[in-house]
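Quick notes on the structure that follows.
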Amino acid sequence: MDRVQHPHARDRDSALRFRRPGRGAGRREGDGVVSARNPRDIVIRPIVSEKSYAAYEENVYTFVVAGDANKIEIKKAIETIFGVKVKRVNTLNRQGKRKRNRRTGDWGQRAAQKRAVVALAEGDHIEIFGGT
3 MDRVQHPHAR DRDSALRFRR PGRGAGRREG DGVVSARNPR DIVIRPIVSE KSYAAYEENV
63 YTFVVAGDAN KIEIKKAIET IFGVKVKRVN TLNRQGKRKR NRRTGDWGQR AAQKRAVVAL
123 AEGDHIEIFG GT
């Protein structure tokens, strides 16, 4: 049985694909987009662990950030709060673990977290680990 093609359907091989203006590439840092959020609502707290302390000597810091914050907002918030120049921002989403209450046996869920690993420009640093 032959398939009948709809009269308005395009042939995928011969059809030209046009991009709609202002779409596809996404916004870049220099577009002048200013976040209306308070920087302290974006950066929640630093992560203090052995792993983050080891990265501290390479001028890399780890923070818990708001779950809906993007890299550009995180960069601007760190620069505003600490007065430093950010070179790179990497983000990761950590899923909340299931945990059992030992007393009642009920299962619960720890909160999920978004973390940002921030590398600063040479010469800048943040005093997180008190006096180092």
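The sequence shown begins at 3 in the numbering used here and counts up one residue at a time. Idealized CB from N, CA, C, for every residue including glycine.
Original post:
Considering only the beta carbon of each residue, do Asn92 and Val50 sit closer than 8 Å?
Top reply: no
Original post:
Using the C-alpha atoms, what's the distance from Val88 back to Arg105?
Top reply: Taken atom to atom, the span from the alpha-carbon of Arg105 to that of Val88 is near 46 Å.
Original post:
Between the C-alpha atoms of Ile46 and Gly107, what's the straight-line distance to the nearest angstrom?
Top reply: 32 Å
Subject >> In DSSP terms, what Ala123 is bridged to >> reply: According to DSSP, which records beta bridges pairwise, Ala123 is partnered with nothing at all.
**OP:** Note the first and the last residue of the continuous alpha helix (DSSP H) segment covering Arg44.
**Re:** One detail in the question is off: residue 44 reads as Ile in this sequence, not Arg. Residues Pro41 to Ile44.
**OP:** Find out if the Cβ-Cβ distance for the pair Val62, Gln115 is shorter than 8 Å.
**Re:** No, they are not a contact pair.
**OP:** Let me know the secondary structure DSSP gives Lys99 once reduced to three states.
**Re:** coil
Subject >> Phe84 (DSSP reduced to helix, strand or coil) >> reply: Helix, per DSSP.
Original post:
Would you say Ile83 and Ala68 are within 8 Å of each other, going by their C-beta atoms?
Top reply: no
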